[in-house]
Amino acid sequence: MKTENIPYKIYLSESEMPQNWYNVRADMKNKPAPLVNPGTGKPMGFDDLRPVFCDELIEQELDNDTPYIPIPQEIRDFYKMYRPSPLVRAYCLEEKLGTPAKIYYKCEGNNTSGSHKLNSAIAQAYYAKKQGLKGVTTETGAGQWGTALSMACAYLGLDLKVFMVKCSYEQKPFRREVMRTYGASVTPSPSNTTNVGRAILAKAPDTTGSLGCAISEAVEVATTTPGYRYVLGSVLNQVLLHQSVIGLETKIALDKYGITPDIIIGCAGGGSNLGGLIAPFMGEKLRGEKDYRFIAVEPASCPSFTRGVFAYDFCDTGMVCPLAKMYTLGSGFIPSANHAGGLRYHGMSPILSQLYHDGLMEARSVEQTSVFEAAEYFARTEGILPAPESSHAIRAAIDEALKCKETGEEKTIVFGLTGTGYFDLVAYQRFNDHEMTDTIPTDEQLAASIAKLPKVAE
Ligand SMILES: *Cc1c(COP(=O)(O)O)cnc(C)c1O
Numbered sequence: 249m250k251t252e253n254i255p256y257k258i259y260l261s262e263s264e265m266p267q268n269w270y271n272v273r274a275d276m277k278n279k280p281a282p283l284v285n286p287g288t289g290k291p292m293g294f295d296d297l298r299p300v301f302c303d304e305l306i307e308q309e310l311d312n313d314t315p316y317i318p319i320p321q322e323i324r325d326f327y328k329m330y331r332p333s334p335l336v337r338a339y340c341l342e343e344k345l346g347t348p349a350k351i352y353y354k355c356e357g358n359n360t361s362g363s364h365k366l367n368s369a370i371a372q373a374y375y376a377k378k379q380g381l382k383g384v385t386t387e388t389g390a391g392q393w394g395t396a397l398s399m400a401c402a403y404l405g406l407d408l409k410v411f412m413v414k415c416s417y418e419q420k421p422f423r424r425e426v427m428r429t430y431g432a433s434v435t436p437s438p439s440n441t442t443n444v445g446r447a448i449l450a451k452a453p454d455t456t457g458s459l460g461c462a463i464s465e466a467v468e469v470a471t472t473t474p475g476y477r478y479v480l481g482s483v484l485n486q487v488l489l490h491q492s493v494i495g496l497e498t499k500i501a502l503d504k505y506g507i508t509p510d511i512i513i514g515c516a517g518g519g520s521n522l523g524g525l526i527a528p529f530m531g532e533k534l535r536g537e538k539d540y541r542f543i544a545v546e547p548a549s550c551p552s553f554t555r556g557v558f559a560y561d562f563c564d565t566g567m568v569c570p571l572a573k574m575y576t577l578g579s580g581f582i583p584s585a586n587h588a589g590g591l592r593y594h595g596m597s598p599i600l601s602q603l604y605h606d607g608l609m610e611a612r613s614v615e616q617t618s619v620f621e622a623a624e625y626f627a628r629t630e631g632i633l634p635a636p637e638s639s640h641a642i643r644a645a646i647d648e649a650l651k652c653k654e655t656g657e658e659k660t661i662v663f664g665l666t667g668t669g670y671f672d673l674v675a676y677q678r679f680n681d682h683e684m685t686d687t688i689p690t691d692e693q694l695a696a697s698i699a700k701l702p703k704v705a706e
């Protein structure tokens with residue numbers, strides 16, 4: 249079956265692993281817009297952000313100029329426990345599809361958290377520890393971020409308080425137990441343990457919660473508890489920086505075999521895996537060295553890129569966070585209880601938003617049932633049970649490979665397989681029982697939520 253001199257799995261040796269993260273902002277002509285204080289409308293500097301975030305992470309957040317930032321030795325050592333992750337040539341999938349396309353996927357699910365989120369979790373926990381903090385707070389939607397962070401905090405001896413979106417807390421009790429095993433405390437959000445949670449519950453007692461609500465609660469606890477800061481698993485510039493390790497490894501592996509991708513595909517929730525995967529390739533494109541097509545794939549139920557607006561918005565529902573300029577559906581938008589929990593965020597990374605706005609990448613949305621069809625097809629051919637989030641990228645990769653079948657083009661497609669789906673079996677059950685539905689917000693629903701965007705003078 250294997251027809252070329254390229255192995256099924258391209259591994260790197262430890263000595264080939266990246267020693268620096270790559271900061272794509274350094275090569276962007278139009279930098280992502282700064283975070284803005286909702287009260288004053290002014291860009292937030294180091295001192296404004298200090299009550300919320302760890303110091304060194306703020307420096308990374310604000311650094312639009314340094315292209316390479318060294319990965320501290322302790323983090324590189326931790327990475328070695330589960331990295332480098334394999335880059336897999338999907339020979340079986342290609343054959344089953346009968347496509348002349350060459351398909352590769354970067355497989356980030358080989359750790360207990362089951363996703364790429366550990367790449368940033370260990371970095372953020374490391375800087376919190378280095379600053380002498382007692383602990384951190386965060387939110388988690390599907391649970392992957394909370395799990396990854398609980399692993400990192402256990403390793404470094406930091407306390408962790410997780411606010412978990414209520415519908416996930418109820419749908420995914422096993423994730424919750426993994427987090428508790430690693431020593432985290434887990435509270436369903438919205439909860440009555442915070443002011444903002446109580447306010448949200450008073451307005452909507454039956455809400456199933458959202459990432460936006462959970463962020464508000466986690467920020468409130470971080471800023472009112474001495475020795476704590478808040479950490480976030482996606483969207484922020486610093487998170488995309490840490491996730492660049494995915495793209496750097498991918499590029500080293502491809503370069504080893506002289507392979508140049510034509511299309512690079514990733515699912516997009518807050519943009520961290522996609523931003524990390526494409527970073528070094530986007531750098532080449534920005535510097536005019538090479539050209540690639542980049543495709544962001546999002547759920548039709550939460551279509552920030554494809555149906556949102558590019559504007560300043562709150563990162564959270566309780567409106568306690570700074571404003572970010574991004575593609576957004578409005579911070580009050582609560583998507584239907586889609587099974588790709590990690591993609592249910594109303595906004596998008598400011599870096600990717602700017603790149604998309606400047607026409608440097610594409611975006612498309614896909615419906616949940618067609619995503620699970622792709623997941624099932626992939627599981628049956630490549631053997632891996634993919635996370636529902638990752639399956640959005642699989643859907644688009646299969647669609648692009650089928651286009652190549654029609655045209656006879658031998659394109660090289662790389663996609664990010666962000667994680668495994670062992671904790672998503674309720675979703676697979678719905679799919680297998682033909683009970684899965686597609687919920688797409690109406691134009692009126694989106695317009696109502698977008699109408700409530702904060703007014704910011706630019
Ligand atoms: C969180 C998550 C995503 C989406 O988050 P991004 O920040 O957009 O990468 C995708 N896949 C998996 C497995 C996740 O856990």
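Once you know that position 221 of the sequence shown is 469 in the numbering used here, the rest is easy, because the numbers rise by one and skip nothing.
Yeah, the Cβ is synthetic: ideal placement off N, Cα and C, and Gly gets one too.
Fill in: Contact check, residue 479 vs residue 614, beta carbons under 7 Å
Going by C-beta atoms, residue 479 is not nearer than 7 Å to residue 614.
Worksheet entry | residue 340 (DSSP reduced to helix, strand or coil) | In the displayed model, residue 340 falls within a helix according to three-state DSSP.
Practice prompt. Measure the beta-carbon distance from residue 341 to residue 351 and round it to whole angstroms, keeping in mind my assumption that it falls under 8 Å.
Written response: About 6 Å; that satisfies the 8 Å criterion.
Discussion item. If contacts are defined as beta-carbon pairs under 8 Å, then residue 389 and residue 589 qualify, I think. What distance do you get, rounded to the angstrom?
Written reply: Rounded, the Cβ-Cβ distance is 5 Å, consistent with contact.
Discussion item. Quick check on residue 615: does DSSP put it in helix, strand or coil?
Written reply: Residue 615: coil per DSSP, three-state reduction.
Discussion item. Nearest by alpha-carbon distance to residue 273: which of 602, 680, 612 is it?
Written reply: Answer by Cα proximity: 602.
Item to complete: For residue 590, verify whether its CB is less than 6 Å away from any heavy atom of ligand 1.
Response: It does: the Cβ of residue 590 is within 6 Å (strictly closer) of some heavy atom of ligand 1.
Worksheet item: How many angstroms separate the CA atom of residue 684 from the CA atom of residue 617?
Response: Answer to the nearest angstrom: the Cα atoms are 7 Å apart.
Worksheet item: Per DSSP, what kind of secondary structure is residue 688 in: helix, strand or coil?
Response: Secondary structure at residue 688: coil, using DSSP grouped into helix, strand and coil.
Fill in: For residue 589, three-class secondary structure by DSSP
Residue state, collapsed to three classes: helix.
Worksheet item: Apart from the five residues on each side of it in sequence, which residues of its chain come closer than 8 Å, Cβ to Cβ, to residue 249?
Response: Because residue 249 carries a pLDDT of 46, less than 50, the predicted location of this residue cannot be relied on, and no value is offered for it.
Fill in: Alpha carbon of residue 637 to alpha carbon of residue 515, nearest angstrom
Roughly 6 Å between the two C-alpha positions.
Worksheet item: Residue range of the alpha helix (DSSP H) that residue 411 falls in?
Response: Careful: residue 411 lies outside any alpha helix (DSSP H), inside the beta strand (DSSP E) at 407 to 413.
Practice prompt. Could you tell me whether any non-hydrogen atom of ligand 1 is closer than 6 Å to the CB of residue 622?
Written response: Annotation for residue 622 indicates a beta carbon at 6 Å or more from all heavy atoms of ligand 1.
Practice prompt. Hey, could you find the ends of the beta strand (DSSP E) residue 558 is sitting in?
Written response: Unbroken beta strand (DSSP E) run through residue 558: 557 to 562.
Discussion item. Would you say the beta carbon of residue 521 is closer than 6 Å to some non-hydrogen atom of ligand 1?
Written reply: Checking every heavy atom of ligand 1 against the Cβ of residue 521, one is found closer than 6 Å.
Item to complete: With DSSP as the reference, label residue 249 as helix, strand or coil.
Response: Residue confidence is low: residue 249 scores 46 on pLDDT, short of 50, so the model does not pin down where it sits. No coordinate-derived value is stated.
Practice prompt. Please state if the CB of residue 622 and the CB of residue 639 are separated by a distance shorter than 7 Å.
Written response: Yes, the pair counts as a contact, with Cβ atoms nearer than the cut-off.
Discussion item. Does residue 628 come out as helix, strand or coil in the three-state DSSP assignment?
Written reply: Residue 628: helix per DSSP, three-state reduction.
Item to complete: Report the residue ranges of all beta strand (DSSP E) runs contained in full by the stretch 489 to 543; include only those spanning at least 3 residues, in chain order.
Response: Taking only runs of at least 3 residues, the beta strand (DSSP E) segments lying wholly in the stretch 489 to 543 are 511 to 515.
Worksheet item: Does the Cβ of residue 515 lie closer than 6 Å to at least one heavy atom of ligand 1?
Response: At least one heavy atom of ligand 1 is nearer than 6 Å to the Cβ of residue 515, so yes.
Practice prompt. Go through the stretch 331 to 380 residue by residue and report every complete run of the alpha helix (DSSP H) that reaches 4 residues or more, in order.
Written response: List check, alpha helix (DSSP H) in window: 339 to 345, 366 to 378.
Worksheet item: How do the stretch 651 to 668 and the stretch 354 to 366 stand: do at least 3 beta-carbon pairs fall below 8 Å, yes or no?
Response: Yes: at least three Cβ pairs fall under 8 Å.
Worksheet item: When the Cβ atoms of the stretch 655 to 663 are set against those of the stretch 498 to 511, are three or more pairs found closer than 8 Å?
Response: Taking a cut-off of 8 Å for Cβ pairs, the stretch 655 to 663 and the stretch 498 to 511 touch, as three or more such pairs fall below it.
Discussion item. Considering just the uninterrupted stretch of the alpha helix (DSSP H) at residue 271, what are its terminal residues?
Written reply: Segment: none, residue 271 is in no alpha helix (DSSP H) and carries neither H nor E.
Discussion item. Can you tell me whether residue 400 is buried or exposed? The criterion is at least 16 other CB atoms within 10 Å of its CB, across all chains shown.
Written reply: It counts as buried.
Worksheet item: What three-state label does DSSP hand residue 663 in the structure shown?
Response: DSSP places residue 663 in the strand class (E or B) of the three-state scheme.
Worksheet item: Which whole runs of the alpha helix (DSSP H) in the stretch 257 to 319 are 4 residues long or more, in chain order?
Response: Entirely contained in the stretch 257 to 319, the alpha helix (DSSP H) runs reaching 4 residues are, in chain order, 294 to 297, 303 to 310.
Practice prompt. Could you give the DSSP three-state label for residue 703: helix, strand or coil?
Written response: Residue state, collapsed to three classes: coil.
Worksheet item: In its own chain, which residues sit with a C-beta less than 6 Å from the C-beta of residue 525, not counting the 5 before and 5 after it?
Response: Beyond the five residues adjoining it in sequence on each side, residue 525 comes within less than 6 Å, by CB distance, of 494, 495, 514, 664 in the same chain, given in chain order.
Worksheet item: Shortest alpha-carbon distance to residue 406 belongs to which of 381, 426, 416?
Response: Check the Cα spacing between residue 406 and each of 381, 426, 416: the tightest is with 381.
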